[in-house]
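Chemist: The following block contains the structure, expressed as structure tokens.
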Amino acid sequence: MPEQASADSLSDQTRELAPVLLDHTRDAVVLHDADQRIASWNRGAEQMFGHSRHVAIGRRFEDLMGPTAALPEDAHRQLAERGEWSGVLECIDAQGQVVTVERRCTLLDRGGGQGRLVLSVDSDITEQRRAEKEIVLLNNLLEQRIRSRTAQLQESNEDLRGLAYSLAHDLRAPLSSVDVFTAQLEHRLADRLDEKSRHYLRRVRAGVRLMSELTEGLLALANLSSAPLLHHSVDLSALAQSTVDRLRERDPGRQVTVVIEETPRARGDVRLLTDLMENLLGNAWKFTSGTPGARIEFGGERGPGGTWRYCVRDNGAGFDPAYAYKLFNPFQRLHTAAEFEGTGIGLAMVRKIVSRHHGSIWAESRPGGGAAFRFTLGDRGAAPAGPTPA
């Protein structure tokens, strides 16, 4: 039949083209028997390994390219069981160089009792493996440098903390002496001092008190880095309530609306988290002192991944968001001492406390529009309950 004749002709042409096609692939295509004796060797194999056909055919892989070029025992087992195998081998080329190949083997049955051949296709991955090894080496080197640099930074930070602690500790006594002796002078010379002299003495004592506050703040900040953390389940809403109660006792004349929501319990150090709430709520209390209808809120919301974001919000003086990056640095203040008193240590302590609890903190505000301080503590809590007026 014409159709059959056409099919037979196409099949004959395909068989004739097969060697040509094999010679135009960059991979090494090799036919060999179960003993790994080579029966055919294409041009890709010649180019990859540097051995010509007449040199390669009839020889075994290991004799031609070293023992690591031969199929391992598990390859023979898998070929017998599944009819295929793939793996990575190292071959020695004609110039004595190592060529790393990814070999894919397929078992072929020639039929007619002629036995079986194996078709092996090798892809050269030498450069890929070399690049992978270089990447591993570079990563190891980078990790070593990072560890070394981290150790140096930790040592430097420890030295700085030690210096800050020593300076603050050593300044306590002389500052106390200056305060005591200026008070004695003011008392003993009271009837002999004119108003300007008394003003100067008061300025000296005020400066000494400020220095003492800064010294105590510096000591507290230095201690934050080294104090051990005692983790417990902590109710921040309860801490907020007790903090507000203390603020009302110290300033009974203030009329401030405070709303405290029930929030998920946090896991952390009770002492440090108490300091955290006292600083944040104390700031809100201070910066709403000139605001009619002052209002302070504590609550939060769930963020991405289920992490709870706590929030202390007020409708007080606020700050210019362009300078928000300064807020959490020691001794940085966005308001003058004449506007609001303070040392500039509180928010630095807040950031350190949050950091030690593996959290983060950030602030949002605008001048005259109040401020919101949001923070996380690296834990997830239950759903919040409704607000409770304080």
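Going by UniProt numbering, the sequence shown opens with residue 1, and the numbers climb by one from there. Even for Gly, the Cβ is constructed at its ideal location relative to N, Cα and C.
1. Mind checking which residues open and close the beta strand (DSSP E) that includes residue 101?
2. Count the other C-beta atoms from every protein chain shown that fall within 10 angstroms of the C-beta of residue 256, then say buried if there are 16 or more, exposed otherwise.
3. Going straight from the alpha carbon of residue 376 to that of residue 250, what length do you get?
4. What is the DSSP secondary structure of residue 52, reduced to helix, strand or coil?
5. Tell me, to the nearest whole angstrom, how far the beta carbon of residue 205 is from that of residue 182; I am working on the premise that it is less than 8 Å.
6. Under 8 Å, do residue 281 and residue 240 count as touching if we go by C-beta distance?
7. Which ranges would you report for the beta strand (DSSP E) in the segment 207 to 278 if only whole runs of at least 3 residues count?
8. For the beta strand (DSSP E) holding residue 445, just list the boundary residues, first then last.
9. Would a C-beta distance cut-off of 8 Å place residue 87 and residue 103 closer than the cut-off?
10. Run through DSSP, which three-state label would residue 87 get?
11. Taking the DSSP output, what are the residues bridged to residue 69?
12. Considering only the beta carbon of each residue, do residue 29 and residue 38 sit closer than 8 Å?
13. Whether or not the segment 353 to 368 and the segment 313 to 327 are in contact is what I'm after, with contact meaning three or more pairs of Cβ atoms, one per stretch, closer than 8 Å; do they touch?
14. Specify, as a first and last residue, the run of the beta strand (DSSP E) that residue 117 falls within.
15. Okay, do the segment 229 to 244 and the segment 260 to 277 touch, 3+ Cβ pairs below 8 Å being the bar?
16. Could you spell out the range, first to last residue, of the beta strand (DSSP E) harbouring residue 361?
17. By DSSP's criteria, residue 310 is part of a beta bridge. Which residues make up the other side?
18. For residue 150, count neighbouring C-beta atoms within 10 Å of its own C-beta (all shown protein chains included) and say buried if the count is 16 or more, exposed if not.
19. Note down the Cα distance separating residue 118 from residue 32, rounded to an integer number of angstroms.
20. Note down the Cα distance separating residue 372 from residue 299, rounded to an integer number of angstroms.
21. Tell whether a beta-carbon distance below 8 Å holds between residue 68 and residue 84.
22. For residue 346, is the classification buried or exposed, using 16 other Cβ atoms within 10 angstroms of its Cβ as the cut-off for buried?
23. Report the rounded CA-to-CA distance for residue 313 versus residue 229, giving the unit in angstroms.
24. Is the separation between the beta-carbon of residue 392 and that of residue 101 shorter than 8 Å?
25. Do you know how far the Cα of residue 246 is from the Cα of residue 321?
26. Can you find the residues in the same chain that come closer than 8 Å, C-beta to C-beta, to residue 279, ignoring five residues on each side of it along the sequence?
27. Applying the criterion that 16 or more other CB atoms from any shown protein chain within 10 Å of the CB defines a buried residue, is residue 95 buried or exposed?
28. Does residue 26 come out as helix, strand or coil in the three-state DSSP assignment?
29. To the nearest angstrom, report how far apart residue 231 and residue 357 are at their CA atoms.
30. Tell me, which residues are paired with residue 60 by DSSP?
31. Judging by CA-CA distance, which residue of 254, 297, 311 is the nearest neighbour of residue 289?
32. One question on the structure: do residue 295 and residue 303 come within less than 8 Å of each other, judged by their Cβ atoms?
33. Excluding five sequence neighbours on each side, which residues of the same chain lie with their C-beta closer than 6 Å to the C-beta of residue 237?
34. Near residue 10, what residues of its chain come up, given a Cβ to Cβ distance below 6 Å and the 5 sequence neighbours on each side ignored?
35. Return the CA-CA distance between residue 44 and residue 138, expressed in angstroms with no decimal places.
36. Note down, in chain order, each residue of its chain lying with its Cβ closer than 7 Å to the Cβ of residue 265, except the 5 sequence neighbours on either side.
Modeler: Per the coordinate set shown:
1. 98 to 109
2. buried
3. 29 Å
4. coil
5. 5 Å
6. yes
7. 231 to 234, 257 to 261, 266 to 269
8. Outside the shown range of the chain, which is 1 to 390, sits residue 445, and nothing can be said about it.
9. yes
10. strand
11. Answer is none; residue 69 lacks a bridge partner.
12. no
13. yes
14. 116 to 124
15. yes
16. 361 to 365
17. 300, 375
18. exposed
19. 5 Å
20. 11 Å
21. no
22. buried
23. 27 Å
24. With the chain covering 1 to 390 only, the question about residue 392 has no answer from this structure.
25. 30 Å
26. 346, 347, 349, 350
27. exposed
28. coil
29. 9 Å
30. 37
31. 254
32. no
33. 260, 262, 263
34. Summary for residue 10: the model assigns pLDDT 38, below 50, so the residue's position carries little reliability; its value from the coordinates is reported in the next sentence. Counting only Cβ-Cβ distances below 6 Å, and skipping sequence neighbours, we find nothing.
35. 33 Å
36. 233, 234, 235, 381
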